[in-house]
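Just so we're aligned, residue 85 is where the sequence shown starts under my numbering, counting upward by one. Ideal placement from N, C-alpha and C gives every residue a C-beta, glycine not left out. From a predicted model like this one, the values you see are computed outputs, not experimental measurements.
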Amino acid sequence: MGDKAGSRRWRVALAAVVLLIGVAAAGYFVFYLPHVRAQDTQAQATRFLMDTSVDISAYGRDAETHVKRALGEMERLEEVLSRHIVESEVARINANAGDWVSISDDTLAVISLALQIGDMTEGAFDITVGNLVSLWGFGTGSYKVPSEEEIAAALATVDYRKVELDKTGKRVRIPAGTVLDLGGIAKGYIVDQARSYLMKQRIQRAIVNAGGDISVIGSRPDGNPWRVGVQNPNDPSQISWVIPLQNNSVVTSGDYQRFFIQDGQRWHHILDPRTGYPARELKSVTIVAQTAAEGDALSTAVFVLGWEKGRELVERLPGVEGILVGSDNQVWISSGLAESVVTL
Ligand code: AMP
Ligand code: MG
């Protein structure tokens, strides 16, 4: 009797184990195997956004879908942060200058970082340059060298310290007459958001490139770091340096990126908030930083700070490296980059 009951218990246990193994095996074939196979997919897509060609390459599960969604997210963010898009939040802040305006977390994050970088650079980076930028014709296309009076009038509306940011209430107020322009930082932030989205989808290798604002996840599929070329500011069709990147970002600001020629002189889009004129001491600044937003703001700021103060800032900031090209073509590579950068 006891024997019989015992053997039945064994048989039931055995059946349960067989069943469990069966379920596990079926699960493996149905759920796990396809993912393992799908993990090898590679996708690449390009879209014209933020006035530049944006390119994402990614490797991982469902890479194609995620690359498309990342580009969609970048497009959405451009519509929030560009002052030239009528319905954007920044356009709304500008249209309501003098009043408090409710903003999204994205706009709050960008303005908050921009103000910090403004403080860090003693105002070399100033997101209230909107009137000045328009006066020179950048963004509008009607380029001209303005008169001294026009520059003085525009400069009177430039002071990032007058931007009031209410972080808990999620709102911002700029002085009446001031125009906010996030052109020096938004692209980097948007690149970071695409990267974060891809990371959340467990994409393990990717490169997001928005016209020179670049951020990477992991390393290349062959295990080596991503390699990013930096243009020669005197001939942007040529690459002068190659920087290895792994889980970080690189951004370049250059006088060749947006400019016009008048009176035999090049007038470019990075304006010195102290003078109202394009910053003169450098031709290009490349910054390597953890995030593209930080790199973007710092590349613009260091460009304005110039040869001495710019180098000082790069050396002072932990986790920040850079390459500066002076207007006399002198090249400086920061100490943390000197060994890994390849000069062509
Ligand atoms: P970037 O190409 O990132 O160096 O940024 C240049 C863009 O930032 C310009 O087209 C302007 O929209 C804006 N900008 C120009 N000068 C400054 C400045 N001193 N601080 C902050 N933004 C600026
Ligand atoms: Mg910038």
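Check: How close, in whole Å, do the beta carbons of aspartate 210 and valine 170 come, if the pair is a contact with beta carbons under 8 Å?
Finding: Contact doesn't hold; Cβ gap of about 24 Å is too wide.
Next item on the list: May I ask whether a heavy atom of the ligand AMP can be found less than 7 Å away from the beta carbon of leucine 264?
Entry: no
Next item on the list: Please find out if some non-hydrogen atom of the ligand MG comes closer than 7 Å to the beta-carbon of valine 335.
Entry: yes
Margin query: Quick check for students: name the residue ranges of the alpha helix (DSSP H) that lie wholly in the stretch 301 to 381, counting only runs of 4 or more.
Written below: none
Next item on the list: Return the Cβ separation of leucine 264 and valine 174 in integer angstroms, given the expectation that the two are a contact with Cβ distance under 8 Å.
Entry: 6 Å
Check: If you run the structure through DSSP and keep just helix, strand and coil, what is tryptophan 391?
Finding: helix
Item checked: First through last residue of the alpha helix (DSSP H) which encompasses aspartate 189 -> 189 to 204
Margin query: Which same chain residues end up closer than 6 Å to valine 415 when comparing Cβ atoms and leaving out the 5 residues on each side of it in sequence?
Written below: Val409
Check: When DSSP labels each residue in this structure, what does leucine 133 get in the three-state scheme?
Finding: strand
Check: By how many angstroms is the C-alpha of valine 213 removed from the C-alpha of valine 426?
Finding: 35 Å
Checklist line | Three-pair Cβ contact test at 8 Å for the stretch 288 to 296 versus the stretch 186 to 196 | finding: no
Item checked: Straight-line gap, valine 326 to isoleucine 269 (C-alpha atoms, nearest Å) -> 23 Å
Notebook entry, point to check: What are the boundary residues of the alpha helix (DSSP H) that glycine 272 is part of?
Noted result: 270 to 284
Note to self: Rounding to the nearest angstrom, what Cα-Cα distance links glycine 207 and lysine 152 in this structure?
What the structure shows: 37 Å
Next item on the list: May I ask whether a heavy atom of the ligand AMP can be found less than 7 Å away from the beta carbon of phenylalanine 344?
Entry: no
Notebook entry, point to check: Is any heavy atom in the ligand AMP found nearer than 7 Å to the beta carbon of leucine 355?
Noted result: yes
Margin query: Here's the rule I'm using: 16 or more other beta-carbon atoms within 10 Å means buried, otherwise exposed. How should phenylalanine 132 be labelled?
Written below: exposed
Next item on the list: Can you give me the start and stop residues for the beta strand (DSSP E) that leucine 239 sits inside?
Entry: Element bounds for leucine 239: not the beta strand (DSSP E) but the alpha helix (DSSP H), 232 to 239.
Notebook entry, point to check: Which residues share a DSSP beta bridge with threonine 427?
Noted result: Trp325
Check: How is glutamate 405 classed by DSSP in three states: helix, strand or coil?
Finding: strand
Margin query: Taking the alpha-carbon of glutamate 233 as reference, which of Thr359, Val388, Phe387, Gln374 has the nearest alpha-carbon?
Written below: Thr359
Margin query: Between which residues of its own chain and arginine 342 is the CB-CB distance below 7 Å, once the five residues before and five after are set aside?
Written below: Phe222, His352, His353
Margin query: So, with DSSP's three-state summary, where would you put valine 127?
Written below: The amino acid occupying residue 127 in the given sequence is alanine; valine does not appear at that position. In the structure shown, alanine 127 sits in a strand (DSSP, three-state: E or B).
Check: Where do the N-terminal and C-terminal ends of the alpha helix (DSSP H) with isoleucine 177 fall, by residue?
Finding: 173 to 179
Next item on the list: Measure the C-alpha to C-alpha separation of aspartate 276 and alanine 376 and round it to an integer number of angstroms.
Entry: 6 Å
Notebook entry, point to check: Just the Cα atoms here: how many angstroms apart are aspartate 250 and serine 196?
Noted result: 10 Å
Next item on the list: Can you have a look at alanine 422 and say buried or exposed, based on whether 16 or more other CB atoms are within 10 angstroms of its CB?
Entry: exposed
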